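Working notes for the structure below.
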Amino acid sequence: MASLSRFVVRRAAAAFVLLLLVLTATFFLLHLAPGDPTQLLDNPRIPPAQRAHLREIYGLDRPLAVQYLSWLRAAARGDWGDSWVHHRPAARVLAEAFPATALLAAAALPLEAALGLALGVAAARRRGAWGDHVLRTVSLVIYALPTFWLGLMAILAFSVRWPIFPASHLRSVGAGELGPLAAALDVARHLALPALVLAVTNAGGLARFVRNSLLDTFSQDYIRTARAAGISERRVVWVHALRNTLPPLVQVLGLQLPLLLSGSLVIEVVFSWPGVGRLAYDAVLTRDYPLVLAATALAGVLVVLGTLLADLVLAAVDPRVRHA
Amino acid sequence: MIGQVNPTRLRRFALCASLWLAACTGEPQAPPAAGPVTEPQRGGTVVIGSTADIGGVNDLLSGTTVISGDVLYRMLFLHLFEEQPDFSEHPPSFAPRLAESAEWSPDHLTLTVRLRPGVTWSDGVPVTADDVRFTWQAQTDPDIAWDYAFAKEAIRDVEVVDAATVRFHFKNAYFSQMADLNEGVILPKHAWGALPFKEWRAQPEWFQAHLVTDGPFVLASWTPQQEIVLKRNERYFEKDLPRLDSVVIRVIPDRANQLAQLRVGTLDYVEQVPAARAAELSSWPNVQALSYWTRQYGFLEWNLARPLFKDPAVRRALTQAIDRQAIVDTLWHGFAKVADSPILSTFWAHAPGLQPWPYAPEEAKRLLAAAGWKDSDGDGVVDKGGQRFSFELLTNAGNEIRRDTAVMIQEQLRRVGVEAKPATLETNTMIAQLARHEFDATILSYSIDTSLDITYAFHSSSIKDSFNYGAYSNPDVDRLLDEVRQQVDPQDAKARLVRAQQILHDEQPYTFLWESQRLDAASSRLQDPRPNALSAYFHIREWWVSGPR
Chain U
14 MASLSRFVVR RAAAAFVLLL LVLTATFFLL HLAPGDPTQL LDNPRIPPAQ
64 RAHLREIYGL DRPLAVQYLS WLRAAARGDW GDSWVHHRPA ARVLAEAFPA
114 TALLAAAALP LEAALGLALG VAAARRRGAW GDHVLRTVSL VIYALPTFWL
164 GLMAILAFSV RWPIFPASHL RSVGAGELGP LAAALDVARH LALPALVLAV
214 TNAGGLARFV RNSLLDTFSQ DYIRTARAAG ISERRVVWVH ALRNTLPPLV
264 QVLGLQLPLL LSGSLVIEVV FSWPGVGRLA YDAVLTRDYP LVLAATALAG
314 VLVVLGTLLA DLVLAAVDPR VRHA
Chain X
17 MIGQVNPTRL RRFALCASLW LAACTGEPQA PPAAGPVTEP QRGGTVVIGS
67 TADIGGVNDL LSGTTVISGD VLYRMLFLHL FEEQPDFSEH PPSFAPRLAE
117 SAEWSPDHLT LTVRLRPGVT WSDGVPVTAD DVRFTWQAQT DPDIAWDYAF
167 AKEAIRDVEV VDAATVRFHF KNAYFSQMAD LNEGVILPKH AWGALPFKEW
217 RAQPEWFQAH LVTDGPFVLA SWTPQQEIVL KRNERYFEKD LPRLDSVVIR
267 VIPDRANQLA QLRVGTLDYV EQVPAARAAE LSSWPNVQAL SYWTRQYGFL
317 EWNLARPLFK DPAVRRALTQ AIDRQAIVDT LWHGFAKVAD SPILSTFWAH
367 APGLQPWPYA PEEAKRLLAA AGWKDSDGDG VVDKGGQRFS FELLTNAGNE
417 IRRDTAVMIQ EQLRRVGVEA KPATLETNTM IAQLARHEFD ATILSYSIDT
467 SLDITYAFHS SSIKDSFNYG AYSNPDVDRL LDEVRQQVDP QDAKARLVRA
517 QQILHDEQPY TFLWESQRLD AASSRLQDPR PNALSAYFHI REWWVSGPR
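Protein chains in written order, with the numbering used here: chain U, 14 to 337; chain X, 17 to 565.
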């Protein structure tokens, strides 16, 4: 137990340093990139003096090092500043959007895992046969498909051609008047398409990973022994082989968590899903520095938590990791 | 062995699951449609698609980088007057809104405005002259730093004569005083005056908690990044208006998704449909296409600081080598026409008789040759003093029409021996590069407003910090533009603008490409949408629906 605590503390300290470096790099890259928010005011009649005054209000007229230290001090106090576009605290803007992204990820991750596992196992069991070729091709195709295209096709198919699911948003118009159960079901209907598309686009890569891991495991002596002992093929695959594939798979899924959050950006735009990805995308385009930095911090924390979680699960199931 | 999945069964399952979910959510089912309704009806809801969210409920703080304030503030608040879209023959007229009447002093330095009696805020408090003065104070406060504060520069004071009368004192008279005076909606002093101006930027959310409005609608709810719900303001001053019970603005960043939802009837109004989809729209049942001229023009700006583009004859040659009609026909599908001036042909001050330079590649070759540009090495590109006529044509990423225009121009210029190399940059990066004058040529577009102020683009004082990216400088144009602003009589302003347009036409610092129309689409149940150049929602208080969703 003590070794596990030391492990967590060590990882957390390293993660903190990493996060600080990422945020610092983001701050300077963002500020050194051409353009600033006052350049984006779309009325050319706004005089230069007024734009300069706005730069003063945003604090952009100060030396970059002063801006950085000032931002760092505020961030250390938990103040991430006000979003220049949303005119609300950046942390609150993100906090409002996070549940939608988390919900999407929570719905997509199990779907992705199930689909990836099923396709990967099926391909591995048919190694070299036409079924393997078909499954590998399918997983490669869905892995390579642009997410926005798949999203638009899903909308055309299931919202326009067969209007089964809504094409956008978290809720229907007038959903505020629904009861709790009806409101939850309304959200479920809206969640269906984006979660499915997100899961499918990520499942292709996972399927290929599972297949290759399983093929490595199949060549191990203990698998040959199990087969020679007459254990059923289903049990050999799902119990003996898959268990050995589990540790790297857990790590991959752990890393998928932040990837799902950032990877949902396109999904959020296409399906008008009010999540963090869409906010961060818009913030970059509008040079909303406070919101970009807060979103970067959130993404960094999620990456760290995702890998930490994966390591912890791994450490729990594999004593070699715990004592390494 | 993995079980076989029957796609038909899967589809049926999905359909059943969804229908079951829909049934459980208790979504209202549309009653059977009655016969066609021709008389305006009260009631109903219209759902509008918007690509962006609002930046708050306070017009002065919302900024111009998000959803057009026009969408929301026109519905929530009143202006003193309403600018009319009748600017083709004369300067626009201004219909009274919150104002009942107005009278100019003989020297045109003072405007006395009588407020309409009986107009109240949504909490029942009357709208008074104090609100008008308070609004002007807020609009010009440096701590608030409203984007449009420049429109109020000429107003010296706003005097409260009595509760229903307010007097605007101007520093100087000019022909577009009314437009500047009318910029921005009138704000509620009794509700928002409690927060010092210094605090406004720090507490933007405070205004929603203290929101009272006097426009046709009130804000019922705002779910950030999702939707804004507006309900009829029962205290609104115009009898029987608005006709709609409610308007829902749904944030849908993807235009293709908006159109898909319009097609299936979950949206009623979509703005800025790509012209390429016009034919497709006409095949959709229950959808009406709405096109109207905007106040926007596209152009190709030459960087005159580059030796290649210093000679006006060469710039004219380039203009005549570009087949702008082909660009309009091919890329705008008829929803545009060839432009010839920054003052659009739909404006009262457009130079009469001005015509676009004709497409004439042979004349272009002659002009280039006369300027010394000849293909001496036979490589297909003209050259002079060892320099090839080759340049980079910059556009911003994500704008398909500009990107395709650059490709068409590349091909057209190739025919006269000029090499244009299209390049795209991320918008912010491109703007920064243009501001540093580090470009050869670029394709952009501007909107022209009621002031007809084009100083930012063509005055030499705008080279350093403003939008004269091409560094165009002509003392005559500078003088004419300076004088326009000082004219009280619109016809005097027009005379100077006409002369400036003629010079710009001769010197071609821009190759004017197109004046564009906007294509919107609405469900056919929406009646009288009548969008115009000033706003797609100009008549929203008169909108009505002829049937259920």
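Cβ coordinates follow ideal geometry from the N, Cα and C atoms, glycine included.
Since the structure is predicted, the reported quantities are computational estimates derived from the model, not experimental observations.
Checklist entry - How many Å lie between Gly-288 (chain U) and Val-177 (chain X) at the Cα? => result Straight-line Cα distance between these residues: approximately 51 Å.
Next on the checklist: Restricting to Cα atoms, I'd like to know which of X:Val-63, X:Pro-101, X:Trp-530 is closest to Ala-355 (chain X).
Outcome noted: The option with the nearest alpha carbon to Ala-355 (chain X) is X:Trp-530.
Checklist entry - Is the CB-CB distance between Trp-364 (chain X) and His-95 (chain X) below 9 Å? => result It is not a contact, given that the beta carbons lie outside the stated cut-off.
Item to check | Contact the stretch 225-243 of chain U vs the stretch 142-161 of chain U: 3+ CB pairs below 8 Å | outcome: Judged by Cβ distances under 8 Å, the stretch 225-243 of chain U makes no contact with the stretch 142-161 of chain U, as fewer than three pairs qualify.
Checklist entry - What in chain U is Cβ-close to Ala-165 (chain X), meaning under 8 Å? => result Scanning chain U for C-beta atoms nearer than 8 Å to the C-beta of Ala-165 (chain X) yields Gln-63, reported in chain order.
Next on the checklist: On a Cα-Cα basis, can you pick out the residue from U:Arg-221, U:Leu-31, U:Leu-54, U:Gly-72 that is closest to His-44 (chain U)?
Outcome noted: A check of alpha carbon separations from His-44 (chain U) across U:Arg-221, U:Leu-31, U:Leu-54, U:Gly-72 identifies U:Gly-72 as the nearest.
Next on the checklist: If distances are taken between C-alpha atoms only, which option among U:Leu-198, U:Arg-300, U:Arg-221, U:Tyr-294 comes closest to Ala-312 (chain U)?
Outcome noted: Ranked by Cα distance from Ala-312 (chain U), the first of U:Leu-198, U:Arg-300, U:Arg-221, U:Tyr-294 is U:Tyr-294.
Checklist entry - Just curious, the beta strand (DSSP E) that Arg-266 (chain X) is in, first and last residue? => result That run of the beta strand (DSSP E) goes 262-267.
Item to check | Delimiting residues of the alpha helix (DSSP H) encompassing Thr-128 (chain X) | outcome: Where Thr-128 (chain X) is concerned, there is no enclosing alpha helix (DSSP H), although the beta strand (DSSP E) around it starts and stops at 126-131.
Item to check | Thr-466 (chain X), DSSP secondary structure in three states | outcome: Correct three-state label for Thr-466 (chain X): coil.
Next on the checklist: Taking only three categories from DSSP, how would you classify Leu-32 (chain U)?
Outcome noted: In this structure, Leu-32 (chain U) counts as helix in the three-state DSSP scheme.
Checklist entry - Based on the DSSP secondary-structure assignment, which residues constitute the bridge partners of Pro-438 (chain X)? => result Beta bridge pairing from DSSP links Pro-438 (chain X) with X:Leu-409.
Checklist entry - Taking the Cβ atom as the reference point for each residue, do Pro-56 (chain X) and Glu-558 (chain X) lie within a distance shorter than 9 Å? => result Less than 9 Å divides the Cβ of Pro-56 (chain X) from the Cβ of Glu-558 (chain X).
Next on the checklist: I'd like the span of the alpha helix (DSSP H) that includes Asp-492 (chain X), first residue to last.
Outcome noted: Following the DSSP letters along the chain, one finds Asp-492 (chain X) inside the alpha helix (DSSP H) bounded by residues 491-500.
Item to check | Pro-47 (chain X) - DSSP class collapsed to helix/strand/coil | outcome: In this prediction, Pro-47 (chain X) scores a pLDDT of 39, lower than 50, which makes its location untrustworthy; no coordinate-derived value is stated.
Checklist entry - Under a CB-based cut-off of 9 Å, is Ala-142 (chain U) close to chain X? => result It does not: the Cβ of Ala-142 (chain U) has no partner Cβ on chain X nearer than 9 Å.
Item to check | Same chain, Cβ closer than 6 Å to Val-514 (chain X), neighbours up to 5 away in sequence not counted | outcome: For Val-514 (chain X), where only same-chain residues beyond five positions count, the Cβ hits under 6 Å are Ala-367.
Item to check | Runs of beta strand (DSSP E) lying entirely within the stretch 172-204 of chain U, each at least 3 residues, in chain order | outcome: Whole beta strand (DSSP E) segments, 3+ residues: zero.
Next on the checklist: Using beta carbons (cut-off 9 Å, strictly below), is Leu-246 (chain X) in contact with chain U?
Outcome noted: For Leu-246 (chain X), the answer is no, since every Cβ of chain U falls outside 9 Å of its Cβ.
Checklist entry - Got a sec: is the Cβ-Cβ distance from Pro-159 (chain U) to anything in chain X below 9 Å? => result Judged by the 9 Å Cβ criterion, Pro-159 (chain U) is not in contact with chain X.
Checklist entry - Within this structure, are the beta carbons of Ala-108 (chain U) and Leu-304 (chain U) separated by less than 9 Å? => result No, these two residues do not count as a Cβ contact at 9 Å.
Checklist entry - Between the stretch 215-225 of chain X and the stretch 194-202 of chain X, do three or more beta carbon pairs fall short of 8 Å? => result Contact between the stretch 215-225 of chain X and the stretch 194-202 of chain X is absent, because fewer than three Cβ pairs lie under 8 Å.
Checklist entry - Can you list the residues of chain X that Glu-125 (chain U) reaches, using a CB-CB cut of under 9 Å? => result Under the 9 Å cutoff, chain X gives no residues; its nearest Cβ is about 17 Å from Glu-125 (chain U).
Checklist entry - Under 9 Å between the Cβ atoms of Thr-443 (chain X) and Asn-319 (chain X)? => result Judged by beta-carbon spacing, Asn-319 (chain X) lies beyond the 9 Å limit of Thr-443 (chain X), meaning their Cβ atoms are not closer than that value.
Checklist entry - Distance, Cα to Cα, Thr-320 (chain U) vs Ala-196 (chain U)? => result Per the coordinates, the alpha-carbon of Thr-320 (chain U) lies some 34 Å from the alpha-carbon of Ala-196 (chain U).
Next on the checklist: Using a Cβ-Cβ cutoff of 8 Å, what residues of the stretch 481-498 of chain X are near chain U? List them in chain order.
Outcome noted: Of all residues in the stretch 481-498 of chain X, Asp-481, Ser-482, Phe-483 have a Cβ within less than 8 Å of some Cβ in chain U.
Checklist entry - Which residues in the same chain have their Cβ closer than 8 Å to the Cβ of Trp-238 (chain X), if we skip the five residues on either side of it in sequence? => result Around Trp-238 (chain X), the same chain offers Ile-70, Val-73, Gln-224, Ile-244, Val-245 as residues with beta carbons nearer than 8 Å, after the five sequence neighbours per side are excluded.
Checklist entry - Would you report the Cα separation of Ala-118 (chain X) and Phe-110 (chain X), rounded to the nearest angstrom? => result Distance between the alpha carbons of Ala-118 (chain X) and Phe-110 (chain X): 10 Å.
Item to check | Beta-bridge pairing of Ala-537 (chain X) - partner residues as DSSP gives them | outcome: Beta bridge pairing from DSSP links Ala-537 (chain X) with X:Val-286, X:Ala-305.
Item to check | Beta-carbon spacing of Arg-293 (chain X), Gly-65 (chain X) below 9 Å | outcome: For the pair Arg-293 (chain X) and Gly-65 (chain X), the CB atoms are not nearer than the 9 Å cut-off.
Item to check | Backbone CA spacing between Trp-84 (chain U) and Ser-307 (chain X) [nearest angstrom] | outcome: In a straight line, the C-alpha of Trp-84 (chain U) is about 48 Å away from that of Ser-307 (chain X).
Next on the checklist: Restricting to Cα atoms, I'd like to know which of X:Trp-389, X:His-349, X:Ser-104, X:Ile-171 is closest to Ser-361 (chain X).
Outcome noted: In this structure, X:Ser-104 is the residue among X:Trp-389, X:His-349, X:Ser-104, X:Ile-171 with its C-alpha nearest to the C-alpha of Ser-361 (chain X).
Checklist entry - Does any residue of chain U bring its CB to less than 9 Å from the CB of Glu-221 (chain X)? => result For Glu-221 (chain X), the nearest beta carbon of chain U is closer than 9 Å to its own beta carbon.
Checklist entry - Using CA coordinates, which residue listed in X:Ser-357, X:Pro-547, X:Arg-546 is at the minimum distance from His-521 (chain X)? => result Checked all of X:Ser-357, X:Pro-547, X:Arg-546; the closest Cα to His-521 (chain X) is X:Ser-357.
Checklist entry - What residues in the stretch 269-281 of chain X bring their beta carbon closer than 8 Å to a beta carbon of chain U? => result Answer set for the stretch 269-281 of chain X: Pro-269, Asp-270, Ala-272, Asn-273, Ala-276, Gln-277, Arg-279, Val-280.
Checklist entry - Taking C-beta to C-beta, are Leu-31 (chain U) and Val-317 (chain U) nearer than 9 Å? => result One thing to note: Leu-31 (chain U) has its Cβ within 9 Å of the Cβ of Val-317 (chain U).
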